[in-house]
Structures are given as structure tokens and as C-alpha cells.
Amino acid sequence: MKAVFKFCCTSKDGEEKEEKGEEIVKKKTTEEEKEMARTISFITGPQLLSLKRLPTIAVVDVRDDERSYDGHISGSLHYASDTFSQDIPKLLHEVKGKETLVFHCALSQVRGPSCARRLANYLEESKEDVGIKNIMVLECGFNGWEASGRPVCRCANAPCKESESA
Ligand SMILES: [Zn+2]
11 MKAVFKFCCT
21 SKDGEEKEEK
31 GEEIVKKKTT
41 EEEKEMARTI
51 SFITGPQLLS
61 LKRLPTIAVV
71 DVRDDERSYD
81 GHISGSLHYA
91 SDTFSQDIPK
101 LLHEVKGKET
111 LVFHCALSQV
121 RGPSCARRLA
131 NYLEESKEDV
141 GIKNIMVLEC
151 GFNGWEASGR
161 PVCRCANAPC
171 KESESA
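Position in the sequence shown (from 1) plus 10 gives the number in the working numbering.
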């Protein structure tokens with residue numbers, strides 16, 4: 011399984027934390043992999059770059075403090091992983107009308123997939139039709155996005171109001 015989670019990511023400060031978390035992901039694979047495969051898919055940076063102009067897509071950054079000093083994907087919402095579960099109702103209110111939610115953290119190995127799964131489980135349990143059709147995770151996360159030269163916004167707004175920024 012290791013190769014699946016290691017392929018193209020550029021590690022920065024978040025590396026140690028994410029490496030430890032990788033162990034958690036590996037232990038969960040048996041029963042949860044099926045669940046995740048059914049409801050959550052991955053999207054690459056180039057795919058997201060072309061899709062994110064659509065009005066029906068929302069990017070959800072679940073990094074914690076790093077967002078404030080590392081910049082962020084323009085137009086992204088911020089729901090820190092620490093408090094994600096309790097903020098799900100607020101998130102659903104904020105993304106009304108969106109069909110696709112793309113989650114990411116620094117590397118999208120631990121916090122991003124975990125929050126995406128928490129949302130998928132929440133929707134499954136609530137049976138509420140909120141119009142969300144796709145729950146996705148950005149491959150390699152923010153660090154991969156930034157390392158390949160894609161636009162990073164450094165504004166201090168939450169949510170970010172920029173639609174495109176260099
Ligand atoms: Zn911004």
C-alpha cells in the first residue's frame with residue numbers, strides 16, 4: 011500500500027505528521043477502503059485547475075494552522091480538520107448549490123481523505139439530500155499543488171474571495 015500514498019508528493023514541514031498518519035491510513039484499509047472507493051475519488055491538480063472555475067465545485071482546505079502562513083488555493087474554503095466534524099452542518103450550509111466538493115490538506119494523505127470520509131459518512135447517515143454528488147480528494151494536497159507551480163493565493167480572507175490568483 012505504501013506506494014499508493016507516496017507517489018508524487020513533495021514533503022515540506024508537514025512531513026513528520028503526515029508520515030505518522032500514514033500508518034493510521036494503512037491500518038484502516040480492510041473495511042474502510044471499500045467505503046472510500048464507493049464514495050470518494052481522487053482528482054489531480056491539472057483536473058482541478060480546469061474544473062475549479064465551475065460554479066458547482068468547492069475546494070475545502072482542511073489544513074490546520076498551515077493555511078495562515080503557507081497560502082492557499084484561490085477560492086477555497088477553510089474547515090480545519092481539528093474541528094471538522096462539528097463544523098459539517100456549517101459547511102453544508104456554505105456549499106449549498108455545489109455538486110462537487112474537493113478536499114485537501116498539505117499532502118492529502120491523512121486529514122484530507124479523513125475529512126472527506128467523515129462528510130461521506132455524515133451524508134450517508136443523515137439521508138438528507140443536500141445536492142452533493144461527488145466527494146473528492148486533491149492528489150498530493152496543497153504541497154503538490156504549490157510545488158507544480160499552480161496559483162497560490164495569500165489573502166487573509168476566509169473563505170477566500172479570489173476566483174483566480176497568481
Ligand atoms: Zn485567498
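Backbone N, C-alpha and C define an ideal beta-carbon position, used for all residues, glycine too.
Closer than 7 Å: residue i CB and nearest ligand 1 heavy atom
i      : result
Asn167 : yes
Ser84  : yes
Cys150 : no
Glu172 : yes
Cys163 : yes
Boundaries of the alpha helix (DSSP H) in which residue i is found, first to last residue
i      : result
Ala126 : Arg121 to Ser136
Ala157 : Gly151 to Ala157
Arg77  : Glu76 to Asp80
N-terminal and C-terminal residue of the beta strand (DSSP E) that residue i is part of
i      : result
Asn167 : Here Asn167 belongs to no beta strand (DSSP E), and DSSP marks it neither H nor E.
Asp71  : Ile67 to Asp71
Leu102 : Here Leu102 belongs to no beta strand (DSSP E); instead the alpha helix (DSSP H) covers Phe94 to Glu104.
Val112 : Thr110 to His114
Of the residues the options, the one placed nearest residue i, counting alpha carbons only
i      : options                           : result
Pro56  : Cys170, Arg164 and Phe152         : Phe152
Ser84  : Val69, Ser95, Ser91 and Asp97     : Val69
Ile50  : Glu156, Lys171 and Leu148         : Leu148
Cys165 : Leu87, Leu58 and Asp139           : Leu87
Val140 : Ile53, Leu61, Cys170 and Lys100   : Lys100
Leu59  : Glu134, Gly122, Asn144 and Pro161 : Pro161
Ser136 : Leu102, Glu172 and Tyr89          : Leu102
Trp155 : Cys170, His82 and Ile145          : His82
Arg121 : Ala90, Lys143, Leu133 and Glu104  : Ala90
In DSSP terms, what residue i is bridged to
i      : result
Ser51  : Met146
Val162 : Ile83
Assess, as a yes-or-no matter, whether the region 73-82 is touched by the region 112-131 under the definition of 3 or more beta carbon pairs within less than 8 Å.
yes
Sufficient close CB pairs (3 or more, under 8 Å) joining the region 92-106 to the region 125-132
yes
Are at least three pairs of beta-carbons, each pair with one atom in the region 58-67 and one in the region 103-113, less than 8 Å apart?
yes
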